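Participant: For the sequence shown, my numbering assigns the number 432 to the initial residue and increments by one for each residue that follows.
All C-beta atoms, glycine included, are put in the ideal place defined by N, C-alpha and C.
Model, not experiment: these values are computed from the prediction.
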Amino acid sequence: MTKISIYFVSPVSLSTGNVTIYKASNHSIRPRISATSEFCKLSNDGHVVNISIINSTFNEYGEKYYVKMDNNFAKVREYNNDPLRGIESEVWILKSESRVKRTDEDVTGLIQLTPDVSKKFNNFSKADQLNYFDALKQELINKVPVQNSNLTLGPKFENFNKSIIIQLRIDGNVVSDLDNMIKYKNIAIFSSSLTNDLDQYFGFQRIPDPWDNYYWIQIVAVTYIILCLLSHIFSYKLKSKKFEAISSAILRLVLIIPNFILSALFVAHNSNDAPEFYLPRCTNVYEEIRADQYL
432 MTKISIYFVS
442 PVSLSTGNVT
452 IYKASNHSIR
462 PRISATSEFC
472 KLSNDGHVVN
482 ISIINSTFNE
492 YGEKYYVKMD
502 NNFAKVREYN
512 NDPLRGIESE
522 VWILKSESRV
532 KRTDEDVTGL
542 IQLTPDVSKK
552 FNNFSKADQL
562 NYFDALKQEL
572 INKVPVQNSN
582 LTLGPKFENF
592 NKSIIIQLRI
602 DGNVVSDLDN
612 MIKYKNIAIF
622 SSSLTNDLDQ
632 YFGFQRIPDP
642 WDNYYWIQIV
652 AVTYIILCLL
662 SHIFSYKLKS
672 KKFEAISSAI
682 LRLVLIIPNF
692 ILSALFVAHN
702 SNDAPEFYLP
712 RCTNVYEEIR
722 ADQYL
């Protein structure tokens with residue numbers, strides 16, 4: 432969260448108005464925060480209002496924004512709680528930092544429709560479902576914002592626990608912004624139109640790349656291949672039986688260690704998922720330990 436603070440000369444109490452942040456270039460609303468919401472906190476002495484702003488609010492680098500405060504956002508304690516006049520448009524100007532855009536790759540993940548919307552979606556025809564995806568995609572492009580070429584929505588979706596889960600691919604630079612906009616849609620620009628159909632409790636959930644999960648296994652495999660090549664090269668040049676025996680032992684060790692680790696992890700974490708494999712894997716682990724001892 433980012434915080435902005437409003438300072439008052441006299442002590443105040445919060446009332447019922449809103450603080451709204453707009454993007455200056457097109458006057459579009461970013462967040463709108465009520466004085467009664469959990470995101471507004473009044474200091475003990477009543478002189479400062481601290482407002483928490485989701486990080487995606489100022490996500491366009493080099494862009495100008497302005498803060499507008501409604502009349503009756505706060506009341507003066509000393510004057511019979513008279514409502515204070517607000518802050519007009521384009522008076523309090525903020526500018527986001529200018530920064531070179533990163534070059535992250537696109538990320539694939541999942542978003543979910545709320546249960547009520549999911550029920551309506553299931554009654555759509557195939558054509559209406561595709562039209563819905565197109566309209567939702569366009570809203571995401573405009574509100575996040577993101578380039579059209581960096582966002583792909585659907586048409587793949589699944590019914591899970593009476594909710595529609597949709598596959599979405601988006602620019603990796605804005606993944607965090609999208610997740611925040613969905614989770615805090617009640618105060619963000621996502622609170623209107625089709626983006627309000629997204630489940631705030633689900634957010635955007637990234638689908639992990641399987642190669643990322645097994646990165647260290649790839650390293651072991653590449654290392655093994657390199658050792659095999661070096662072993663053959665040196666044994667051919669040196670023509671030493673002793674060297675061949677040592678290199679053969681090293682290669683066997685490289686094979687045994689990863690297998691032992693994977694077996695131990697299975698026994699520790701996944702044996703309940705496949706009990707029929709538990710005893711054979713325990714036996715394998717024992718045999719691998721014995722092999723280590725006699726290597």
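#1: Sorted by chain position, which residues of the same chain lie with C-beta nearer than 8 Å to residue 714's C-beta, five sequence neighbours on each side aside?
#2: Of the residues 574, 632, 585 and 622, which one's Cα is nearest the Cα of residue 457?
#3: Residue 558 lies in the alpha helix (DSSP H); which residues open and close that run?
#4: Please state the DSSP three-state secondary structure of residue 442.
#5: List the endpoints of the continuous beta strand (DSSP E) containing residue 454.
#6: Using three-state DSSP, classify residue 625 as helix, strand or coil.
#7: What residue does the alpha helix (DSSP H) around residue 614 start on, and which one ends it?
#8: For residue 509, name the three-state secondary structure that DSSP assigns.
#9: Would you say residue 552 and residue 584 are within 7 Å of each other, going by their C-beta atoms?
#10: Are the CB atoms of residue 495 and residue 558 nearer to each other than 7 Å?
#11: Can you tell me the Cα-Cα spacing of residue 594 and residue 435, whole angstroms?
#12: Counting beta carbon pairs with one atom in the stretch 441-448 and one in the stretch 502-509, are three or more of them shorter than 8 Å?
#13: How many Å lie between residue 588 and residue 478 at the Cα?
#14: With a threshold of 6 Å on Cβ separation, who are the neighbours of residue 489 within its own chain once the five nearest residues in sequence on each side are excluded?
#15: Does the Cβ of residue 570 have 16 or more other Cβ atoms within 10 Å, making it buried, or fewer, making it exposed?
#16: What separation, rounded to the nearest whole angstrom, lies between the Cα atoms of residue 632 and residue 510?
#17: Assign residue 515 to buried or exposed, taking buried as 16 or more other Cβ atoms, counted over all protein chains shown, within 10 Å of its Cβ.
#18: Alpha carbons only, please: which of 628, 568, 601 and 484 is nearest the one belonging to residue 540?
#19: Among residues of its own chain, excluding the 5 on either side of residue 581, which ones have a beta-carbon nearer than 7 Å to its beta-carbon?
Facilitator: Reading it off the structure:
#1: Interpretation of residue 714 is limited by its pLDDT of 47, a score under 50 that renders its predicted location unreliable; the figure taken from the coordinates is listed afterwards. Taken in chain order, the list of residues that qualify is empty.
#2: Closest by alpha carbon: 574.
#3: 557-574
#4: coil
#5: From DSSP, the beta strand (DSSP E) with residue 454 extends over 449-454.
#6: helix
#7: 606-614
#8: helix
#9: Against a cut-off of 7 Å, the Cβ pair of residue 584 and residue 552 comes out as no contact.
#10: no
#11: 37 Å
#12: yes
#13: 50 Å
#14: A distance below 6 Å between beta-carbons, with the five flanking residues on each side excluded, links residue 489 to the following residues of its chain, in chain order: 527.
#15: buried
#16: Distance between the alpha carbons of residue 632 and residue 510 is about 42 Å.
#17: Classification for residue 515: buried.
#18: Considering only alpha carbons, the answer is 601.
#19: 537, 601 and 602, listed in sequence order.
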